[in-house]
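Participant: Below is one structure. I have some questions about it.
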Amino acid sequence: MAITSIIEMDNISKSFSGNQVLKGVNFDVRKGEIHALMGENGAGKSTLVKVLTGIHSRDNGIIKVKGKEAHFTNPKQAEKQGIIVIHQELNIIPHLTVAQNMFLGKEITYGKSGILNTKKINELTKKSLHELGVGNIKPDDLAGELSVGKQQMVEIARALATNAEVIIMDEPTAALTDREIESLFKVIQSLKQQGVSFVYISHRMEEIFEICDRITILRDGQYIGTENIADTSFEKVVKMMVGRELGDRFPAKNNPIGDVIFQVENLSSKGVFHNISFVVKEGEILGVAGLMGAGRTEVMETIFGYRKKESGTVKLKGKVLNTSHPGNLIDAGIGFITEDRKGKGLVLHSTIRENISLTNFKTISNGGVIVNSKEKMLVDDLIEQLHVKTTGREQVVQSLSGGNQQKVVISKWLGINPRVLILDEPTRGVDIGAKKEIYTIMNELTKNGVAIIMISSELPEVLGVSDRIMVMHEGKISAFLNRNEATQEKIMTAATGGN
Amino acid sequence: MKNYIKNNLSIIGPLVGLIIFSIILGFMSNNFLTLNNILNLFRQVSVNALIAFGMTFVILTAGIDLSVGSTLALGSALTAGLLTSGMDPLLAVLIGLLIGLALGAINGLIIAKGKVAPFIATLATMTIYRGVTLVYTDGKPITGLSDSFTFEMIGGGYVFGIPFPVILMFIAFIILYFVLRKTVFGRQVYAIGGNEEAAKLSGIKADRVKIWVYSLTGMLSVLAGIIISSRLNSAQPTAGTTYELDAIAAVVIGGTSLAGGKGKIVGTLIGALIIGVIDNGLNLLNVSSFYQQIVKGGIILLAVLLDRSSDK
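Residue numbers (our numbering), protein chains in the order written: chain A, -19 to 479; chain B, 984 to 1295.
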């Protein structure tokens, strides 16, 4: 039987103002397969998808959809041919109902009257949600009140309602809990049986090896190759991606651990978390695991003075800190790298220089006036120290890749010479090479006695990086585990409230 | 050089516009490009420019201040009251400026601490301040403020042939340019408009910065008001009505984004000059003020549309 490709992209090239981002890329999607698209940030994955769906025009190459050459000029045309993209930032309008979201832009009306046939819309929504196996989502639920996982299901249902044949998913699991990921995979598998194809863009190697059939790898806009998942290995894919052997994923950490430097005692915030107490030692990395909604981020934001606490104290070297405002914590030498890089970490349309300076005004100014030479020196030193790939300090951070943006955020905090550094999901949306660089930076800091608190939802990361692991469940600490006794199973048990 | 142009792209558009308008008007009217008219034009512009400088700070924090016109009226009426009571003019003016600072600070407090959207907060205070002005003046102008040289100088004086308000405008410009470009405070203003949450998490006291920004605008508005009352030797209860629109227009024409975080005070100066050139030029050409409004509105629209297309 001949293998039929729904999408064939041949020798695709694209450049933006002289900068070539795709250099002769080949990519094809067969009927009923799950095809992973992988590469480091900036490798050209999203550009390739944008060229496919007509957001960008191609400079060169051929795109065939179901055997016919296609020249889409906007995503609507691609959608008509059954190609639908589900973005990482979901396209859901929170204050509309599930049914209204499902039929957004294609509402059913009584004839041409313009009057909505709400009954039919709700019925059809119910039917498609049921077929997808998510009958627990009701058509008149407010979309904004659903979990991210369920919102994603609504988007998939919407895609199927428009007869999607190829669904392109960009980092679909980044914001999902393990249980939600499991049900997403079930849905993907069953749709695959029905002949729907998926393009699966992700940085999570384990997931790709779990559900994908083939994998295509890009590096620096170049097509590196396409492999059958069954015939390839983890190491090979990594090597194709970074162009070199990466070695161990987690660099060895064996620095001496000192005295307790940071203490949190009985910290509470009504309805969010309760009686949180823990310590961190100099040179130690404390991993914080838990499911989404366990209150990990909220605890850290409260420690940092960004949220109001109800009770409890935070101490540095035995001295109680005033947690009424982040500025006080920063002055004491505590840094906080937030989970939401774009929403809370960076001023996206500002330059690298301006972003790094935000936390470092004390160092770079004199009587409230910025000293240019000091600012440039600080920024350039940090860019060099962290190997930020950039055209220079005046580059706007928006135009950097995810990994490099994250390095800018880290730079901003290294500038204050922190004694305690809190990192919330430091490697989310960051490619595998940059991940390792971030672990290395963390190790370097601990060698100098910095205490690190790292929230992470990736269990291999928590296990690979931490000296000690704190697990949270529904606003409470459910376990402390030492590195040598911790396993994925133990963490998951504590995170789900079991014993 | 290339970098320089790139960094100042948002200014080049308005600047080219200003030059083109000036050349066209220069051809159409023999009086336009005379030294006298140019000085006169700058003097006319100075009032709007001073308010617009403050508005630039406000808009950079992603805010808006609709109360500037009412603040101008209330501040200058209270200053006029002090003057007619026989207070030393310099002292009266200083107190007037502090009143402006306080009126602005009230805006800032409502917005930062009360968490009210700037549009709503200043819409309310715009009405309140105007009402207080009308109550205080009983709806009548306060006249015969002072015949002291000091007070007349503010609105009507000249230094080396340059109108004093123009000098005040340039002094304010230089100081504020420096504040925005070179100080920590300036950086904080941009950061708050760019991403308030990131700014707060970087230890910036966003509330405090906002209160200062609105206070500054209040003070500059009253300064503009005092310039007007010095020229007229009277304070009008309806002074400054719709001035907020010209100030916002100058900021927007000058390329500052209403979404905050992006913009330059040089742009605002150019924007204010463009509005002044149009007003002045069309007056010289005897175009009715009805048509002037249409032209002005059209130019605001054009400026924003051009700004949009250069963003892409």
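Even for Gly, the Cβ is constructed at its ideal location relative to N, Cα and C.
Note that the coordinates shown come from a computational prediction; the quantities given were computed from them, not determined experimentally.
By Cβ distance, which residues of its chain are closer than 7 Å to ASN462 of chain A, with the 5 residues on each side in sequence left out?
Facilitator: Cβ neighbours of ASN462 of chain A beyond the five flanking positions: ARG448.
Participant: Would you mind reading off the limits of the alpha helix (DSSP H) that contains ILE191 of chain A?
Facilitator: Looking at the DSSP string, the run of the alpha helix (DSSP H) that includes ILE191 of chain A is 185 to 191.
Participant: Taking GLY963 of chain B as the reference, give the member of B:THR1221, B:ASN1269, B:THR1200, B:ALA1155 with the closest Cα.
Facilitator: Missing from the structure shown is residue 963 of chain B; chain B here goes from 984 to 1295 and no further.
Participant: What residues in the region 298 to 318 of chain A have a beta carbon less than 9 Å from any beta carbon of chain B?
Facilitator: The region 298 to 318 of chain A vs chain B, Cβ under 9 Å: HIS305, PRO306, GLY307, ASN308, LEU309, ILE310, ASP311, PHE316, THR318.
Participant: Tell me the residue span of the beta strand (DSSP E) that contains ARG138 of chain A.
Facilitator: Element bounds for ARG138 of chain A: not the beta strand (DSSP E) but the alpha helix (DSSP H), 128 to 141.
Participant: What does a CB cutoff of less than 8 Å around ILE88 of chain A pick up in its chain, not counting 5 residues either side in sequence?
Facilitator: Within the same chain, ILE88 of chain A has close Cβ partners LEU96, ASN97, LYS100, ILE101, LEU104.
Participant: Counting only the same chain and skipping the five closest in sequence on each side, list residues whose C-beta sits under 8 Å from that of GLY1177 of chain B.
Facilitator: Taken in chain order, the residues that qualify are GLY1243, GLY1244, LYS1245.
Participant: Measuring alpha carbon to alpha carbon, tell me which residue in A:ALA232, A:ILE390, A:ALA274, A:GLY298 is nearest LYS261 of chain A.
Facilitator: Ranking the options by Cα distance to LYS261 of chain A, first place goes to A:GLY298.
Participant: Alpha helix (DSSP H) containing GLU(-12) of chain A: first to last residue?
Facilitator: That residue, GLU(-12) of chain A, is in no alpha helix (DSSP H); its beta strand (DSSP E) goes -15 to -4.
Participant: Is ASN462 of chain A helix, strand or coil when you go by DSSP?
Facilitator: It is a strand residue.
Participant: What does a CB cutoff of less than 6 Å around ILE402 of chain A pick up in its chain, not counting 5 residues either side in sequence?
Facilitator: Correct list, in chain order: MET280, PHE316, ILE433.
Participant: Would you identify the three-state DSSP class for LEU1220 of chain B, choosing helix, strand or coil?
Facilitator: Sequence check: residue 1220 of chain B is Pro here, not Leu. If DSSP states are grouped into helix, strand and coil, PRO1220 of chain B belongs with coil.
Participant: Along the alpha helix (DSSP H) that carries PRO31 of chain A, what are the first and last residues, could you check?
Facilitator: Per the sequence shown, the amino acid found at residue 31 of chain A is Val instead of Pro. Note, VAL31 of chain A: alpha helix (DSSP H), 25 to 32.
Participant: What's the call for PRO74 of chain A, buried or exposed, on a 16-neighbour Cβ count within 10 Å?
Facilitator: Its Cβ having fewer than 16 others within 10 Å, PRO74 of chain A is exposed.
Participant: For GLU405 of chain A, decide whether its Cβ has a neighbour in chain B, counting only Cβ atoms nearer than 9 Å.
Facilitator: Output row for GLU405 of chain A: interface = no.
Participant: Does any residue of chain B bring its CB to less than 9 Å from the CB of GLU334 of chain A?
Facilitator: By this cut-off, GLU334 of chain A is an interface position.
Participant: Name the residue from B:GLY1259, B:VAL1234, B:PHE1147 whose alpha carbon lies nearest to the alpha carbon of VAL1249 of chain B.
Facilitator: When only C-alpha atoms are compared, the closest one is B:VAL1234.
Participant: Give me the residue from A:GLY94, A:ASN54, A:ARG333 with the minimum Cα distance to MET357 of chain A.
Facilitator: Nearest C-alpha to MET357 of chain A: A:ARG333.
Participant: Under 8 Å, with one C-beta from each stretch per pair, do the region 1109 to 1123 of chain B and the region 1203 to 1223 of chain B reach the 3-pair mark?
Facilitator: At 8 Å Cβ cutoff, the stretches touch.
Participant: Under three-state DSSP, which class holds LEU70 of chain A?
Facilitator: LEU70 of chain A: coil per DSSP, three-state reduction.
Participant: Please state whether the Cβ-Cβ distance between GLU125 of chain A and ILE412 of chain A is less than 9 Å.
Facilitator: No. Outside cutoff.
Participant: Given that SER330 of chain A touches chain B, what residues does it touch there, using C-beta distances under 8 Å?
Facilitator: Neighbours of SER330 of chain A on chain B, chain order: TYR1173, ALA1174, GLY1177, GLY1244.
Participant: Secondary structure at ARG1113 of chain B, three-state DSSP: helix, strand or coil?
Facilitator: The answer is helix: DSSP assigns ARG1113 of chain B an H, G or I state.
Participant: Identify which residue in A:TRP393, A:ARG194, A:VAL445, A:ILE168 has its Cα closest to the Cα of VAL268 of chain A.
Facilitator: Answer by Cα proximity: A:VAL445.
Participant: What first and last residue would you give for the beta strand (DSSP E) that runs through ASP150 of chain A?
Facilitator: Note, ASP150 of chain A: beta strand (DSSP E), 146 to 150.
Participant: In angstroms with no decimal places, state the Cα-to-Cα distance between GLN331 of chain A and GLY129 of chain A.
Facilitator: Strictly speaking, residue 331 of chain A in this sequence is Thr, with Gln absent from that position. Answer to the nearest angstrom: the Cα atoms are 34 Å apart.
Participant: On the DSSP bridge assignment, give the partners of THR1126 of chain B in chain order.
Facilitator: BP columns for THR1126 of chain B point to B:SER1217.
Participant: Could you tell me whether any Cβ in chain A is nearer than 9 Å to the Cβ of SER1185 of chain B?
Facilitator: So yes, SER1185 of chain B belongs to the interface.
Participant: Against chain B, which members of the region 335 to 361 of chain A pass a CB distance test of less than 7 Å?
Facilitator: Flagged, chain order: SER337, LEU338, THR339, PHE341, SER345, GLY348, VAL349, ILE350.
Participant: Quick check on the DSSP output: what are the complete beta strand (DSSP E) runs of length 3 or more inside the region 253 to 297 of chain A, in order along the chain?
Facilitator: DSSP runs (the beta strand (DSSP E)) wholly in the region 253 to 297 of chain A: 253 to 261, 265 to 270, 291 to 296.
Participant: For chain A, check one thing: does any of its Cβ atoms lie closer than 9 Å to the Cβ of THR1039 of chain B?
Facilitator: By this cut-off, THR1039 of chain B is not an interface position.
Participant: Once you ignore the five residues that flank VAL1142 of chain B on each side, which residues in its own chain have a CB closer than 8 Å to its CB?
Facilitator: Counting only Cβ-Cβ distances below 8 Å, and skipping sequence neighbours, we find ILE1150.
Participant: What residue from A:GLY115, A:ILE344, A:HIS329, A:LYS289 has the CA that sits closest to PHE1168 of chain B's CA?
Facilitator: Of the listed residues, the one whose Cα sits closest to PHE1168 of chain B is A:ILE344.
Participant: For chain A, is any of its Cβ atoms less than 9 Å away from the one on THR1166 of chain B?
Facilitator: Yes, contact with chain A.
Participant: Between the Cα of ILE982 of chain B and those of B:LEU1285, B:ILE1231, B:ILE1145, B:LEU1268, spot the shortest distance and give me the residue it belongs to.
Facilitator: The shown model of chain B, from 984 to 1295, leaves out residue 982 of chain B, and the question about it has no answer.
Participant: For the region 371 to 388 of chain A and the region 286 to 303 of chain A, state whether three or more C-beta atom pairs, one from each stretch, are separated by less than 8 Å.
Facilitator: Judged by Cβ distances under 8 Å, the region 371 to 388 of chain A makes no contact with the region 286 to 303 of chain A, as fewer than three pairs qualify.
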